[in-house]
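Asker: Pasting in a structure now, in structure tokens, and then I'll have a few things to ask.
Residue numbers (the working numbering): 166 to 320.
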């Protein structure tokens, strides 16, 4: 199975600077995500990996990556993973997020989104919980999010 988003990812990322170009295209479609300058480094059904660099524009007052930047990273990874994994007859929208701040977030951060249950075609809407774990360069989890996606048939 390949969704339009996943097909585009597979095509563009074969080119030089393809990951950068694909990430920019996603941010063009959903501009607010551009505030964290994400790089989508891997996308496959049921998994999306996104990196952000530690730079001043994502910092809080104590010099670590701001909580909302981490939430943006989590929502982006979960949304792209969901879009790339759902049957084309279904649509999605986030409806809630629960987060845990586990350690100070510094350095390049790497978020991985995976669904907690199988994404399936259905005649009615259902809740899809997605877990996103963000690790620092040492591989330590600094942030965890559980994002509630609402999945329903396209009209």
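A virtual CB, placed ideally from N, CA and C, is assigned to each residue, including glycine.
Just to confirm my understanding: we take residue 260, look at its own chain, exclude 5 residues before and 5 after, and list those with CB closer than 6 Å. What are they?
Answerer: Numbered from 1 along the chain shown, position 95 holds the residue referred to as residue 260. Correct list, in chain order: 313, 315.
Asker: Beta strand (DSSP E) containing residue 178: first to last residue?
Answerer: As a position in the chain shown, residue 178 is number 13, starting the count at 1. Segment: none, residue 178 is in no beta strand (DSSP E) and carries neither H nor E.
Asker: Assuming the contact rule is C-beta atoms closer than 8 Å, residue 302 and residue 268 should be a hit. Round their C-beta distance to whole Å, please.
Answerer: The sequence position of residue 302 within the chain shown is 137, counting from 1. The sequence position of residue 268 within the chain shown is 103, counting from 1. No, residue 302 and residue 268 are not in contact; Cβ-Cβ is about 12 Å, not under 8 Å.
Asker: Can you find at least 3 beta carbon pairs, one from the stretch 208 to 222 and one from the stretch 244 to 259, that sit closer than 8 Å?
Answerer: yes
Asker: Would you list the residues sitting across from residue 300 in a DSSP beta bridge?
Answerer: The residue labelled residue 300 in the question sits at position 135 within the chain shown. Note: residue 300 sits in a beta bridge opposite 275, 306.
Asker: Which ranges would you report for the beta strand (DSSP E) in the stretch 199 to 275 if only whole runs of at least 3 residues count?
Answerer: 204 to 209, 212 to 217, 255 to 266
Asker: Comparing C-alpha positions only, which one of 167, 237, 287 sits nearest to residue 275?
Answerer: Counted from its first residue, the chain shown places residue 275 at position 110. If we check each option's Cα against that of residue 275, 237 comes out closest.
Asker: Using the rule of at least 16 other Cβ atoms within 10 Å of the residue's Cβ for burial, across every protein chain shown, is residue 193 buried or exposed?
Answerer: In the chain shown, residue 193 corresponds to position 28, counting from 1. It is exposed - the Cβ of residue 193 has fewer than 16 other Cβ atoms within 10 Å.
Asker: Let me know the secondary structure DSSP gives residue 284 once reduced to three states.
Answerer: Here residue 284 is taken as the residue at index 119 of the chain shown, counted from 1. Looking at residue 284 - three-state DSSP - the assignment turns out to be coil, as it is neither helix nor strand.
Asker: Mind checking residue 229: buried by the 16 CB within 10 Å criterion, or exposed?
Answerer: In the chain shown, the residue the question calls residue 229 occupies position 64. Classification of residue 229: buried, given that the 10 Å Cβ count is 16 or more.
Asker: Name the DSSP beta bridge partners of residue 190, please?
Answerer: By one-based count along the chain shown, residue 190 stands at place 25. Residue 190 pairs with nothing; no bridge assigned.
Asker: Can you give me the C-alpha to C-alpha distance between residue 173 and residue 217, rounded to a whole angstrom?
Answerer: Against the chain shown, residue 173 aligns to sequence position 8. Against the chain shown, residue 217 aligns to sequence position 52. Approximately 21 Å, taken between the alpha carbons.
Asker: Report yes if the CB atom of residue 215 is closer than 8 Å to the CB atom of residue 222, and no otherwise.
Answerer: For the purposes of this step, residue 215 is identified with residue 50 of the chain shown, where counting begins at 1. For the purposes of this step, residue 222 is identified with residue 57 of the chain shown, where counting begins at 1. No, Cβ-Cβ distance for residue 215 and residue 222 is not below 8 Å.
Asker: Report yes if the C-beta distance between residue 264 and residue 198 is below 8 Å; otherwise report no.
Answerer: For this step, residue 264 is matched to residue 99 along the chain shown. For this step, residue 198 is matched to residue 33 along the chain shown. Not in contact: residue 264 and residue 198 (Cβ atoms no closer than 8 Å).
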